[in-house]
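**Q** Dumping the structure here so I can ask a few things about it.
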Amino acid sequence: MPNIRCVHVSSQALHRLPPFYAAAGRLRPLALAMMLATFPHSGFATDAPADASASAEAANPNGAVAQLQEVEVNASSARSAITMAPVQSELDVTQPTSIIGLDWISNHEPPTSDYAQIAAMAPSVTSISPAGPGLGEAKQVTMRGFNDNQYNVTYDGIPFGDTNDFSHHTSSYFPAKMIGQVAVDRGPGGASTIGEATFGGTIALRSKDPLDAFEVIPTQTFGSYSTTLSHLEFNSGRMENFGNGRLIASAQYYDSDTFRTDSGVHRKTAYLKYVQPVGESTEITVLSNYNDIKFNNPNKTTLTQAQIDTLGRDFGLNHDQFSTDCACYNHQVKQTDMEYFGIKSALTPDWAMDNKTYTYYYNNDSNESPTVGTNASKVNMGGAYKVNRYRAYGDVLTLTRTLASGELRFGGWYETQKNERYQLLLDYTLGGIHDVKPGKPDASAYKYNMVDWLRTTQIYAEYAWKANDALTVTPGIKALQFQRAIEAPINQTTKTPLDYAQTWRKALGYLATNYLVAPEWSLYAQAAQGFLAPNLNQFYVPHPENNRTSPQQTMNYQFGTVWKNDRFSADADVFYIDYKNFPLSSIDPVTKDPVFALARGARMYGIEGEATYYFGNGVSAFANFSTIDAQFRLSSLDIPNVPDGTMALGLSYEGNGLFGSVSSKYVGAQKVYNGGFNPDDATTVTASGKSDGFWQTALSLGYGRNVEDSFLKSWKFRLQVENVFNAHHQVADSIKNGNIYYLVLPGRNWHASVSLGLW
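Take the sequence shown: its position 249, counted from the start at 1, is 248 in numbering that gives the first Met the number 0, and no numbers get skipped.
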């Protein structure tokens, strides 16, 4: 039986490719036009390879054949622990790193997945998806005890996130089929690692590259909750008349009722990437991604046990116009885009440059927080209309000089964001007019109304000194500057005007080493400082100039080892993080108002490991684990919403066109406390709760093959089942008035997909 077509690329060949820079331009109109022109309501689609150099360097450090194609390599002799590992590190790392490649994303994750669902395969990473995989924003996406706004997320090396608190919207930008690779860096990186919150780690997403050959790839998916996903991908191949330029263009539409009642989601996504070689040593890349999302967001994000018992585990919304849970009062519309223009070039035999100029946009128009009673009548239905929109512009530059004794890297990052935020009250019974008391101005309907800016500058230098053939020592320094500014006619919380700006500056030091003990074994160690400007909520006070809010600061220490050969791939590490000025933010489960607190100190430490063993004949076993101890320093309280560990176990098979896996992920126990407690004083905890750890099992199974002498080049069918044993799990999220509010996990759900490779 023929095996599925694939591309073989050696790491040596990839290293000979010219480096390419990036500078970003706006392509949203082009992406939108492509989306509208090609969107079908049904069709078929597969995935293209990830960025070739990234994949080969990540999954192929020993020169083995890398899995760059969606189904399998075409020679069973090329399979090994390196090519079969779903999660693995590299021999030359200086911090714990888990790389999840395209093969796992394409064949063993739900096609609706977001990046958090994929990253959760790594040790110390957790993600809760109450609506279903990728069908709504993931909750409690943690890494080593850090919440979403305390670590970095990048796309092709570009950091992105919210202006006010550095958080990320997991399902708003890049669906799984626009992701070629996910690398989870559990550490602050070196001086050259850019981003707002690098001290907590980085989830680094890589875009998909165009194929070398012309191909049209449709995919159709059906699944639980009446989910349908239609994806169409076009690859130009290398165009000789255009200097071997390559284009990939994709359009995707999905529609789902989701796990929660009357909480449907409808999404359109367009993606375009063009790669153009210029001469022998330069490559230009243009990328654009656009999303339009409409969904109903449950007013009851979390449920008490009593509500679960009476309303059902899947309760979200209803259609009762006299209920605050009516879908008519709880709905959102989002638009997002990201574009960049990149140049990567070998300027001379010793000098190389990599630059990306970019922009990204986020807009969220939300009808939320419905109530019974307005200024006009105690029985009228009211609610809130909230707008959060921002546009960011930035540039990322790296210059590299190769020396006989090592490599010198220096560069910088600059970004400016402008954010418009407001929330006003409505009276739905009176047609959605502003809810204003008689005789009061219209402005009194606003709970807050502001424009804020965030400007970030980071400049760095680091030197990877090759002390000998085995030992590399990398010191580095980075200078940071953050500036926040706010103009608020009606400030949040205080509801008074505020015009204020504040700047923070800091120099950070980094030191890392990597020692290659043997061709298959390396050791590494790292010490690094971290820094993050305060959340915008620190300005929600009458006189922030008197507060002089304190930035977050960390000191990170870690030591690890990596082993890689064809039979066995493994890595392990220990870490310790000392934290000053640890911020806490949460949402009151009843009022939906934000709750803020600040701990003067915290610490996290633990052990992590991951391994894959290849038995032969296409069969491999894999496992990973972590222990996490995260406490506030002064009170010794456990940090809330942080699991005490994770674990994953699994088996996979690949051969003769057949592929499949079974994997189980364990998320440990965690605690919650009453809102408004002082994290530095244990006596202020008047109520606490705990949810036990839980396992969930996933199953994937698929088959595909090539077709000769036909416009149909290949086909693939796959089935993905999540929560195979239909376990009923719920995770404590908050506590109020003695009631624990839970995030309820979906039961068993499945997705079946057919993909074709045409022409």
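We put the beta carbon where it would ideally sit given N, CA and C, even for glycine. Bear in mind that the values here come from a model prediction, so they are computed numbers and not experimental data.
Label Gly675 either buried or exposed according to how many other C-beta atoms from any shown protein chain fall within 10 Å of its C-beta, with 16 as the threshold for buried.
**A** By the 10 Å Cβ count, Gly675 comes out exposed.
**Q** Which one or two residues does DSSP pair with Gln180 in a beta bridge?
**A** Arg205
**Q** Quick check on DSSP: helix, strand or coil for Gly405?
**A** strand
**Q** Check whether the Cβ atoms of Ala175 and Ile127 sit closer than 8 Å, and answer yes or no.
**A** In terms of Cβ geometry, Ala175 and Ile127 do not form a close pair [threshold 8 Å].
**Q** Roughly how many angstroms lie between the CA atoms of Val215 and Leu271, to the nearest whole one?
**A** Answer to the nearest angstrom: the Cα atoms are 14 Å apart.
**Q** Among all the DSSP beta bridges, which residues are the ones paired with Met83?
**A** Partner(s): none; Met83 has no beta bridge.
**Q** Only counting runs of 3 or more residues, tell me where the beta strand (DSSP E) segments fall wholly within the segment 484-561, in order along the chain.
**A** 497-517, 520-531
**Q** Give the straight-line distance between the Cα atoms of Pro474 and Gly508, rounded to the nearest whole angstrom.
**A** 8 Å
**Q** Using the Cβ count rule (16 or more neighbours within 10 Å means buried), how would you classify Glu239?
**A** The residue in question, Glu239, is exposed, as its Cβ has fewer than 16 Cβ neighbours within 10 Å.
**Q** How many Å lie between Lys494 and Lys446 at the Cα?
**A** 7 Å
**Q** Across which residues does DSSP place Glu582 in a beta bridge pair?
**A** Note that residue 582 corresponds to Pro in the displayed sequence, not to Glu. According to DSSP, Pro582 bridges with Leu597.
**Q** Return helix, strand or coil for Asp113, following the three-state DSSP convention.
**A** coil
**Q** Using DSSP bridges, identify the partner residues of Ala569.
**A** Trp562, Ala610
**Q** Along the chain, where does the alpha helix (DSSP H) containing Asn243 start, and where does it finish?
**A** Neither: Asn243 is in no alpha helix (DSSP H) and is coded neither H nor E.
**Q** I'd like the span of the alpha helix (DSSP H) that includes Ser105, first residue to last.
**A** 101-107 is the extent of the alpha helix (DSSP H) around Ser105.
**Q** Can you name the start and end residues of the beta strand (DSSP E) that Ile739 belongs to?
**A** It spans 738-743 - the beta strand (DSSP E) in which Ile739 sits, taken as one unbroken run.
**Q** What does His433 pair with, by DSSP beta-bridge criteria?
**A** Leu425
**Q** Relative to the C-alpha of Gln94, which residue among Pro588, Pro187, Ala463, Lys505 is closest?
**A** Pro187
**Q** Starting from Thr309, follow the beta strand (DSSP E) in both directions and report where the run begins and ends.
**A** It is not in any beta strand (DSSP E) - Thr309 instead sits in the alpha helix (DSSP H) that spans 304-310.
**Q** Just mark Val274 as buried or exposed, buried being the case when its beta carbon has 16 or more other beta carbons within 10 Å.
**A** buried
**Q** How big is the Cα-Cα spacing for Glu136 and Lys465?
**A** 44 Å
**Q** State yes or no: is the C-beta of Gly144 within less than 8 Å of the C-beta of Met603?
**A** Taking 8 Å as the Cβ cut-off, Gly144 and Met603 qualify as a contacting pair.
**Q** Is it buried or exposed for Pro348, if we count other Cβ within 10 angstroms and need 16 for buried?
**A** exposed
**Q** Hey, Asp434 and Ala442: beta-carbon distance below 8 Å or not?
**A** no
**Q** Tell me, please, which residues DSSP counts as bridged to Asp577.
**A** Met554, Arg602
**Q** Any chance the CB of Trp758 is under 7 Å from a heavy atom of the ligand SAH?
**A** Here there are no bound small molecules, and the ligand SAH is not part of this structure.
**Q** My guess is that Val661 and Leu698 are in contact by the Cβ rule of under 8 Å, so how many angstroms apart are they, rounded?
**A** 5 Å
**Q** Taking the DSSP output, what are the residues bridged to Gln334?
**A** In the DSSP output, where bridge partners are listed per residue, Gln334 has Asn362.
**Q** What does a CB cutoff of less than 7 Å around Pro39 pick up in its chain, not counting 5 residues either side in sequence?
**A** The predicted model places Pro39 with a pLDDT of 34, which falls under 50 and marks its position as unreliable, so this point remains unresolved.
**Q** Please classify Trp758: is it buried, with 16 or more other beta-carbons within 10 angstroms of its beta-carbon, or exposed?
**A** exposed
**Q** How about Tyr741 and Ile734: do their beta carbons lie closer than 8 Å?
**A** Between Tyr741 and Ile734, the C-beta gap is not smaller than 8 Å, which leaves the two residues out of contact.
**Q** For Arg504, count neighbouring C-beta atoms within 10 Å of its own C-beta (all shown protein chains included) and say buried if the count is 16 or more, exposed if not.
**A** exposed
**Q** Would you kindly work out how many angstroms separate the C-alpha atoms of Thr560 and Ala203, rounded to a whole number?
**A** 21 Å
**Q** Check each candidate in Ala622, Ala647, Gly701 and name the one with the smallest Cα separation from Val654.
**A** It is worth fixing the name first, because residue 654 is Gly in this sequence and not Val. Checking every option, the nearest Cα to that of Gly654 belongs to Gly701.
**Q** Rounded to whole angstroms, what is the Cα-Cα separation between Ser404 and Val472?
**A** 11 Å
**Q** Alpha carbon to alpha carbon, how far is Val371 from Gln422?
**A** 18 Å
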